[in-house]
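Numbering (this note's numbering), first residue to last: 24 to 407.
Here's what the structure looks like:
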């Protein structure tokens, strides 16, 4: 029993429109064309009006409901319901399918030598031709299908590579930028010429490399020489005089700069001092105002009652602040010893010290004050 020829997948269904007309060359006939896409019939279906369509084209046309046949309208043979395209009123035309698939075809891609039948073209060559032009999915450059792998590995500027040192992925266009930051990138010591030093260890290497050239410590004052670390002390001894001259010029330049800036600095300080004095005066005025407000005279008698009656319900009585104690001159001394009145006043010997009654009915002894600055002691009597 003969082996059955392989058939394309989904023999009666397809997700593609018809074959391109160029594969048949000059052997093209209208009966082999789809009345919708106008390409060579792929899985032909015949409607009840007699017109043929690709399976894909017919299903797409009637997907939104019954439609009028455009071929019938164009040929002026439209009649209902025959010319209405709808599901269930069409059938696969296997005779035309076998006729179409047996037609000889040539590949339409440039420089491709393939030849065969349309059936072979669909099974073996369509979408697989090495000469087919496709866009690169990364850079969008148009390339041949057979060169896609080489393009992705060697030519595409958007291709992704893995760093051979740190194994991290990066875009090819960023290869130089990656090499400048790759922690594993091999570097060469400029002093001892040691090779393949990972960048992450390069800084530690030059710290202890005796051959690495480093700027002179006096480069901040103008020495532009770079010396190997093991010879830095020899350089400083040999050029001590030059270093001292550079240092002297540097210090003199700083002095001139500071002298040039001094008037400006004094002027700025003067403005700040004026501002501080102004702020101090404002603070003193504020403190004086607060002191006056807190130690004002109490309201008594009728004035207090009239004020309370006119301003609303009475509030709690205001506290009366006590006056501050009197301040004595620095040469004034107060004596609290009791002395008897002289006889001229009318008191007898041994009489008690005169008492004076104050406004609150209290009595107290009189005190004696003397001025030390006066050679003749001056005695005054006052009541406590």
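Glycine included, each C-beta is placed from N, C-alpha and C at the ideal position.
Can you tell me which of the three DSSP states residue i falls into?
i, result
"residue 80", "helix"
"residue 70", "strand"
"residue 58", "coil"
"residue 344", "Model confidence at residue 344 stands at a pLDDT of 48, short of 50, so the residue's coordinates are unreliable and nothing is read from them."
"residue 217", "coil"
"residue 134", "coil"
Tell me where the alpha helix (DSSP H) around residue i begins and ends.
i, result
"residue 200", "198 to 204"
"residue 223", "222 to 231"
"residue 85", "Unbroken run through residue 85: none, as it is neither H nor E."
Do residue j and residue i have their beta-carbon atoms positioned less than 9 Å apart in this structure?
i, j, result
"residue 50", "residue 126", "yes"
"residue 189", "residue 206", "yes"
"residue 130", "residue 144", "yes"
"residue 272", "residue 245", "yes"
"residue 152", "residue 164", "no"
"residue 241", "residue 259", "yes"
"residue 237", "residue 250", "yes"
"residue 40", "residue 65", "yes"
"residue 81", "residue 95", "no"
Would you call residue i buried or exposed, if buried means 16 or more other Cβ atoms sit within 10 Å of its Cβ?
i, result
"residue 223", "exposed"
"residue 142", "buried"
"residue 208", "buried"
"residue 204", "exposed"
"residue 355", "Confidence at residue 355 is low in this model, with a pLDDT of 41, below 50, so the placement of that residue should be treated as unreliable; the coordinate-derived value is given next. It counts as exposed."
"residue 136", "exposed"
"residue 148", "buried"
"residue 55", "buried"
"residue 277", "exposed"
"residue 128", "buried"
"residue 369", "Residue placement at residue 369 cannot be trusted, given a pLDDT of 43 that sits under 50; the coordinates are not used to answer."
"residue 310", "exposed"
Would you give the residue range spanned by the beta strand (DSSP E) that residue i belongs to?
i, result
"residue 99", "No beta strand (DSSP E) contains residue 99, which DSSP labels as neither H nor E."
"residue 194", "192 to 194"
"residue 178", "It is not in any beta strand (DSSP E) - residue 178 carries neither H nor E in the DSSP assignment."
"residue 166", "165 to 167"
"residue 250", "249 to 251"
"residue 185", "183 to 185"
Looking at residue i and the ligand NAP, is the gap between the Cβ and the nearest heavy atom below 8 Å?
i, result
"residue 181", "The ligand NAP is not among the ligands present in this structure, which contains no ligands whatsoever."
Scan the region 271 to 317 and note each continuous alpha helix (DSSP H) run of 4 residues or more that stays entirely inside, going in chain order.
-> Taking only runs of at least 4 residues, no alpha helix (DSSP H) segment lies wholly in the region 271 to 317.
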